[in-house]
Amino acid sequence: MSRRRQIYEGKAKILYEGPEPGTIIQYFKDDATAFNAEKKGTINGKGVINNRISEYVFTRLSHIGIPTHFIRRLNMREQLVRQVEIVPIEVVLRNVAAGSICKRLGLKEGDQLPHTLIEYYYKDDALGDPLISEEHIACFNWASQEEMQDIASMAIRVNDFLCGMFAGIDIRLVDFKLEFGRLYDGDFSRVILADEISPDGCRLWDMNTNEKMDKDRFRQDLGGIEDAYQEVARRLGILNNDDNSPGEVLDMSAHRGKMRGKPAKK
Ligand code: 5GP
Numbered sequence: 129m130s131r132r133r134q135i136y137e138g139k140a141k142i143l144y145e146g147p148e149p150g151t152i153i154q155y156f157k158d159d160a161t162a163f164n165a166e167k168k169g170t171i172n173g174k175g176v177i178n179n180r181i182s183e184y185v186f187t188r189l190s191h192i193g194i195p196t197h198f199i200r201r202l203n204m205r206e207q208l209v210r211q212v213e214i215v216p217i218e219v220v221l222r223n224v225a226a227g228s229i230c231k232r233l234g235l236k237e238g239d240q241l242p243h244t245l246i247e248y249y250y251k252d253d254a255l256g257d258p259l260i261s262e263e264h265i266a267c268f269n270w271a272s273q274e275e276m277q278d279i280a281s282m283a284i285r286v287n288d289f290l291c292g293m294f295a296g297i298d299i300r301l302v303d304f305k306l307e308f309g310r311l312y313d314g315d316f317s318r319v320i321l322a323d324e325i326s327p328d329g330c331r332l333w334d335m336n337t338n339e340k341m342d343k344d345r346f347r348q349d350l351g352g353i354e355d356a357y358q359e360v361a362r363r364l365g366i367l368n369n370d371d372n373s374p375g376e377v378l379d380m381s382a383h384r385g386k387m388r389g390k391p392a393k394k
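Residues 129 to 394 in the working numbering are what the sequence shown lists, from first letter to last.
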C-alpha cells in the first residue's frame with residue numbers, strides 16, 4: 129500500500145501531500161500545547177471537533193467573499209486545503225482584554241477594548257512568537273505592503289463577521305489568531321486565509337456566564353475542556369442536539385456535566 133508523504137508535523141496538525149498538485153491534507157490531532165510547548169497534553173476528540181468547527185467557519189467566511197485555503201472535509205480528522213506559502217506572521221484580533229495583552233499592558237481581563245486591536249507576531253517557535261510592528265514586517269520583508277493591506281482588511285472583516293456569528297449563539301469572541309498564505313498562479317500571488325479557526329486559537333466566552341469555552345481551559349487547568357469544545361460545536365449546529373453525532377464526538381457526550389460551571393445550554 130502506498131503511504132502518502134508527510135510534509136510537516138506541527139503542534140496540533142500534520143500536513144500530508146494532497147491527491148492533486150497544489151493540494152494538502154490537514155490532519156487534526158488531539159495533542160494540545162501551551163506556553164510555547166512548555167505545557168503538553170491530549171484533549172480527547174479535539175481533532176475531530178476542530179476539523180468540523182474550522183470547516184464550518186471557513187465555509188461561512190467564503191460565503192461573505194473571504195478567500196480561504198479550505199476545499200472540503202475528507203473525513204473525521206482530515207480536510208483538503210490549497211497548498212500555500214505561509215506568511216510568517218500571526219495576526220491577532222482583540223475585542224476584549226485577555227491573555228498576553230493583560231500582562232504586557234497591565235489591563236484587567238474582561239475589559240472591553242476601546243476598539244478592536246490588530247496585532248502581529250513573528251511566527252518563530254524558537255523566539256516564542258514575538259510581538260512585532262508593521263515596521264518590522266516591512267524592514268525584514270516578511271510581507272509586502274500590498275499583502276499587509278489585504279491581510280488587515282480581511283482580518284477586520286473576519287472579526288466583524290465572527291463577532292456576529294458567535295454573538296448569535298451567546299458566545300463572546302474575545303480574541304483570536306489568524307494565519308494567511310500566498311497562493312501562487314505563475315509569477316502572481318495573492319494572500320488567502322489559511323491554517324484553522326477553532327477554540328484552539330480563539331478565546332470564546334459564554335455571553336451570560338463568562339465561562340471560558342476555549343483552550344484557556346487547558347492553559348489554566350480549568351477542566352471540562354472536551355465539553356467546552358463540544359458545546360461550541362453544538363451551539364454552531366454542527367452536533368445534533370439529540371444524538372451528538374457523529375462518531376468520536378458521540379463518545380464525549382459521556383463527559384457532559386463534568387465541566388465545572390459549564391456554559392448554559394441553549
Ligand atoms: P495571546 O497573545 O493573548 O496569548 O493570544 C491571543 C489569541 O491568539 C488567543 O485567542 C490565542 O488562542 C491565539 N493565539 C496566539 N498565538 C497562538 C498560537 O501560537 N497558537 C494558537 N493555537 N493560538 C494562538
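Beta carbons: idealized from backbone N, C-alpha and C, even for Gly.
Alpha-carbon spacing of residue i relative to residue j, whole angstroms
{"i": "residue 175", "j": "residue 207", "result": "11 angstroms"}
{"i": "residue 373", "j": "residue 162", "result": "At residue 373, the pLDDT of 48 sits below 50, so the modelled position is not reliable and the matter cannot be decided from this model."}
{"i": "residue 218", "j": "residue 272", "result": "15 angstroms"}
{"i": "residue 226", "j": "residue 140", "result": "22 angstroms"}
{"i": "residue 274", "j": "residue 177", "result": "35 angstroms"}
{"i": "residue 211", "j": "residue 131", "result": "19 angstroms"}
{"i": "residue 230", "j": "residue 241", "result": "11 angstroms"}
{"i": "residue 205", "j": "residue 238", "result": "33 angstroms"}
{"i": "residue 251", "j": "residue 308", "result": "12 angstroms"}
{"i": "residue 292", "j": "residue 224", "result": "15 angstroms"}
{"i": "residue 202", "j": "residue 158", "result": "17 angstroms"}
Residue i: CB within 7 angstroms of a non-hydrogen atom of the ligand 5GP
{"i": "residue 226", "result": "yes"}
{"i": "residue 137", "result": "no"}
{"i": "residue 158", "result": "no"}
{"i": "residue 340", "result": "no"}
{"i": "residue 343", "result": "yes"}
{"i": "residue 257", "result": "yes"}
{"i": "residue 229", "result": "yes"}
{"i": "residue 218", "result": "yes"}
{"i": "residue 316", "result": "no"}
{"i": "residue 305", "result": "yes"}
{"i": "residue 331", "result": "yes"}
Interface flag, residue i vs chain D, CB-CB below 8 angstroms
{"i": "residue 362", "result": "Included in the structure is just one protein chain, with no chain D present."}
Start-to-end residues for the alpha helix (DSSP H) that takes in residue i
{"i": "residue 180", "result": "174-191"}
{"i": "residue 348", "result": "Unbroken run through residue 348: none, as it is neither H nor E."}
{"i": "residue 232", "result": "228-233"}
{"i": "residue 262", "result": "262-267"}
Identified DSSP bridge partners for residue i
{"i": "residue 317", "result": "312"}
{"i": "residue 302", "result": "Partner(s): none; residue 302 has no beta bridge."}
{"i": "residue 333", "result": "300, 340"}
{"i": "residue 214", "result": "309"}
Beta-carbon contacts of residue i that lie in its chain and below 6 angstroms, excluding the five residues immediately before and after
{"i": "residue 297", "result": "363"}
{"i": "residue 160", "result": "169, 171, 346"}
{"i": "residue 371", "result": "For residue 371, the predicted structure reports a pLDDT of 43, less than 50, and the residue's modelled location is therefore unreliable. The matter cannot be settled from this model."}
{"i": "residue 278", "result": "319"}
{"i": "residue 300", "result": "333, 335"}
{"i": "residue 247", "result": "220"}
{"i": "residue 106", "result": "Shown here, the chain extends from 129 to 394; a query on residue 106 therefore has no answer."}
{"i": "residue 245", "result": "222"}
{"i": "residue 152", "result": "143, 146, 209, 211"}
{"i": "residue 330", "result": "304, 342"}
Own chain partners of residue i with C-beta closer than 8 angstroms, once the 5 adjacent residues on each side are dropped
{"i": "residue 136", "result": "142, 143"}
{"i": "residue 256", "result": "164"}
{"i": "residue 236", "result": "225, 230"}
Spatial neighbours of residue i in its chain, beta-carbon cut-off 7 angstroms, leaving aside the 5 residues before and after
{"i": "residue 180", "result": "361, 366"}
{"i": "residue 387", "result": "Summary for residue 387: the model assigns pLDDT 41, below 50, so the residue's position carries little reliability; its value from the coordinates is reported in the next sentence. Around residue 387: 351, 352, 355, 356."}
{"i": "residue 317", "result": "310, 311"}
{"i": "residue 276", "result": "262, 265"}
{"i": "residue 154", "result": "141, 143, 206, 207, 209"}
Unbroken beta strand (DSSP E) run spanning residue i, endpoints
{"i": "residue 414", "result": "Not covered by the structure: residue 414. The range shown for the chain is 129 to 394."}
{"i": "residue 285", "result": "It is not in any beta strand (DSSP E) - residue 285 instead sits in the alpha helix (DSSP H) that spans 273-295."}
{"i": "residue 141", "result": "141-145"}
{"i": "residue 247", "result": "240-250"}
{"i": "residue 153", "result": "151-156"}
{"i": "residue 199", "result": "198-201"}
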